[in-house]
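Chemist: Supplied in structure tokens, the structure appears directly below.
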Amino acid sequence: MVNFIWLFFMVAGFIVAAFQGKIELVTEAVFDGAKSGVTVCFGLISIMVFWLGMMRIAEDAGLLQKLARLLSPIVRFLFPGVPKDHPALGYIMSNMSANIFGLGNAATPMGIKAMQELQRLNPNKEAASPAMCTLLALNTASITLIPTTLIAIRMSYNSANPAEIVGTTLIATFVSTLAAVVVDKWYRKYSTPIGPGKG
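This note's numbering applies: residue 1 is where the sequence shown begins, and numbers increase by one.
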């Protein structure tokens, strides 16, 4: 559906520009967009490399393991149906840790691995389990201490203070995470169970 929406916007813009005799504006916009895309990508690459390096240092120093231990009670509360020593929990904690530091690209592989492990526990392979829905909700609405990607984008556009969004981002993501947890718990309580292995 999203593809059709974007296609509509592009075709509509081209038609309007053609009727107004300003087709050259479309060409300029295409090249300006491509240039901006490359510029932003280079900015994102540099900041992502930096933060991924910092994450690796934190991992080698044992900080991520400590963070995982801090998150462990929360993960057990959010995923009560997942066995205590199941590999999915490790991937979930790694995913949450990366999201907390605003490293969406680093969080994605861990989220995919967690989903694969949760699918193995899923009694109904044709539908998402409650645990999978919980992970998706948390991954989408995750609380973020340092919005690394947004800071990188603001830096690439020469923002006077690219880090000024940290406070508001923390508040917004805290509210979104709280809402996701409340809705998830509500659905778990009032929806029909799907059988053994739920959660």
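A virtual CB, placed ideally from N, CA and C, is assigned to each residue, including glycine. All figures in this text were calculated on a predicted structure; none of them were measured in a lab.
Does DSSP classify isoleucine 153 as helix, strand or coil?
Modeler: Start at 1 with the first residue of the sequence shown, and residue 153 comes out as number 153. Isoleucine 153: helix per DSSP, three-state reduction.
Chemist: I need the straight-line Cα distance from leucine 121 to threonine 27, nearest angstrom please.
Modeler: Locating residue 121 in the sequence shown gives position 121, where the first residue counts as 1. Locating residue 27 in the sequence shown gives position 27, where the first residue counts as 1. The straight-line gap from Cα to Cα measures roughly 51 Å.
Chemist: Kindly indicate which residue of Ile146, Met93, Val181 has the alpha-carbon position closest to the one of glutamate 164.
Modeler: Residue numbering aside, residue 164 sits at position 164 when the sequence shown is read from its first letter. Comparing Cα positions, the closest option is Ile146.
Chemist: Hey, quick one: how far does the alpha helix (DSSP H) through threonine 173 stretch, first residue to last?
Modeler: Taking the sequence shown and counting its residues from 1, the one referred to as residue 173 is at position 173. It spans 166 to 190 - the alpha helix (DSSP H) in which threonine 173 sits, taken as one unbroken run.
Chemist: Looking at threonine 173 and threonine 148, is the spacing between their C-beta atoms short of 8 Å?
Modeler: Here residue 148 corresponds to residue number 148 of the sequence shown, with the count starting at 1. Here residue 173 corresponds to residue number 173 of the sequence shown, with the count starting at 1. Not in contact: threonine 148 and threonine 173 (Cβ atoms no closer than 8 Å).
Chemist: Among Ile153, Asn99, Gly102, Gly81, whose alpha-carbon lies nearest the alpha-carbon of glutamine 119?
Modeler: For the purposes of this step, residue 119 is taken as the residue at position 119 of the sequence shown. Answer by Cα proximity: Gly81.
Chemist: Contact defined as beta carbons within less than 8 Å: I believe alanine 180 pairs with leucine 138. What is the distance between those atoms, to the nearest angstrom?
Modeler: Taking the sequence shown and counting its residues from 1, the one referred to as residue 180 is at position 180. Taking the sequence shown and counting its residues from 1, the one referred to as residue 138 is at position 138. About 6 Å; that satisfies the 8 Å criterion.
Chemist: Take the Cβ of valine 183 as the centre, count every other Cβ of all protein chains shown within 10 Å, and call the residue buried at 16 or more, exposed below.
Modeler: As a position in the sequence shown, residue 183 is number 183, starting the count at 1. By the neighbour-count rule (16 or more Cβ atoms within 10 Å), valine 183 is not buried but exposed.
Chemist: How is glutamine 20 classed by DSSP in three states: helix, strand or coil?
Modeler: Locating residue 20 in the sequence shown gives position 20, where the first residue counts as 1. Coil, per DSSP.
Chemist: Below 8 Å on the Cβ atoms is my guess for glycine 111 versus leucine 135; work out the distance and round it to an integer in Å.
Modeler: As a working note, residue 111 is residue 111 in the sequence shown. As a working note, residue 135 is residue 135 in the sequence shown. Yes, glycine 111 and leucine 135 are in contact; Cβ-Cβ is about 7 Å, under 8 Å.
Chemist: Can you check which of these residues, Ala128, Leu71, Val30, is closest to asparagine 95 by C-alpha distance?
Modeler: Counting from one through the sequence shown, the residue named residue 95 turns up at place 95. If we check each option's Cα against that of asparagine 95, Leu71 comes out closest.
Chemist: Measure the C-alpha to C-alpha separation of alanine 128 and glutamine 116 and round it to an integer number of angstroms.
Modeler: Working through the sequence shown from its first residue, we reach residue 128 at position 128. Working through the sequence shown from its first residue, we reach residue 116 at position 116. Whole-angstrom Cα-Cα distance: 11 Å.
Chemist: Excluding five sequence neighbours on each side, which residues of the same chain lie with their C-beta closer than 6 Å to the C-beta of phenylalanine 101?
Modeler: Position 101 of the sequence shown holds residue 101. Cβ neighbours of phenylalanine 101 beyond the five flanking positions: Ile146.
Chemist: With a threshold of 6 Å on Cβ separation, who are the neighbours of leucine 67 within its own chain once the five nearest residues in sequence on each side are excluded?
Modeler: Residue mapping note: residue 67 aligns to position 67 of the sequence shown, counting from 1. Around leucine 67: Ser97.
Chemist: Pick out whichever of Lys113, Lys125, Ala152, Ile171 has its Cα sitting closest to the Cα of alanine 141.
Modeler: Mapped onto the sequence shown, residue 141 falls at position 141. Comparing Cα-Cα distances from alanine 141 to each of Lys113, Lys125, Ala152, Ile171, the minimum goes to Ile171.
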